[in-house]
Amino acid sequence: MDTFEKCNMNIKLVQCVPYSIVVHAMVKAGKLDEAFQMVELMRSHNLPTDTVLHTDLIKGCIDKGDVERAWNHYMAMGMVYGVPHDEVTLTVMIDACAIKGQAEKAMMLFRRLEEQMMAEPSEATFNSIIKAFSKRKGSSPQSIRNGRSNGSARLQA
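Put into structure tokens, the structure is as follows:
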């Protein structure tokens with residue numbers, strides 16, 4: 001019997017929270033395949049998943065160096081699971097862009113974040129976008145300018 005089956009048997013209450021805790025523990029332990037299996041189990045039982053759970057999975061993928069899997073799950077959040085992205089999710093994905101030196105993709109995510117939010121992005125988000133541009137080949141952090149437009153912070157490449 002594998003970890004997945006044991007967890008399924010040990011969780012008596014069919015609720016989102018106990019499953020989410022198990023998924024989080026699996027991600028922390030580096031057991032991503034099992035964590036993804038647990039999310040599919042939740043889905044098969046029509047249990048809701050949330051943005052925090054999916055962002056945790058994405059971050060786990062990035063920490064393991066599997067940026068492609070992180071992108072695939074990021075896309076699946078809305079299309080498959082019906083879960084919205086939040087600022088933390090987008091910031092994690094901007095960090096993934098920085099790892100891959102994909103400043104333009106990071107900027108696309110940043111702009112999506114700005115469009116969705118009513119408040120200014122956090123310092124962590126700004127740091128992530130700056131990191132993405134600083135790792136872009138053939139450019140420097142000077143390629144980013146801070147500006148203000150319509151009362152919200154804007155970055156321009």
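Be aware that the sequence shown starts at 1, since it is given in full-length UniProt numbering, and climbs by one per residue.
Glycine is no exception: its CB is placed at the ideal position from the N, C-alpha and C atoms.
With contacts defined by Cβ atoms closer than 9 Å, I62 and A96 form a contacting pair. In the DSSP annotation of this structure, D86 is not part of any alpha helix (DSSP H), being labelled neither H nor E. With respect to the C-alpha of M93, the residue from F126, G101, A106, D33 having the closest C-alpha is A106. In the displayed model, A29 falls within coil according to three-state DSSP, outside both helix and strand. Judged by DSSP in its simplified three-state form, R136 adopts coil rather than helix or strand.
Excluding sequence positions up to five before and after E87, its CB lies within less than 8 Å of the CB of L113, M117, P121, S122, T125, all in the same chain and listed in chain order. Contact annotation, E34 with M42: C-beta distance approximately 13 Å; criterion of less than 8 Å not satisfied. A straight-line Cα-Cα distance of about 17 Å links G30 and E40. At least 9 Å separates the beta-carbon of G60 from that of L90. For G60, the enclosing alpha helix (DSSP H) stretches over residues 51-63. Inclusion of D56 and V23 in the CB contact set at 9 Å is warranted, their separation being smaller than that value. H45 carries a coil assignment under DSSP once its states are collapsed to helix, strand and coil.
C-alpha of R136 to C-alpha of H45: approximately 43 Å in a straight line. In the same chain as A70, and ignoring 5 residues on each side of it, the C-beta atoms closer than 6 Å to its own belong to I58, C61, I62, A96, in chain order. Counting of Cβ neighbours within 10 angstroms places M38 among the buried residues, the total reaching 16 or more.
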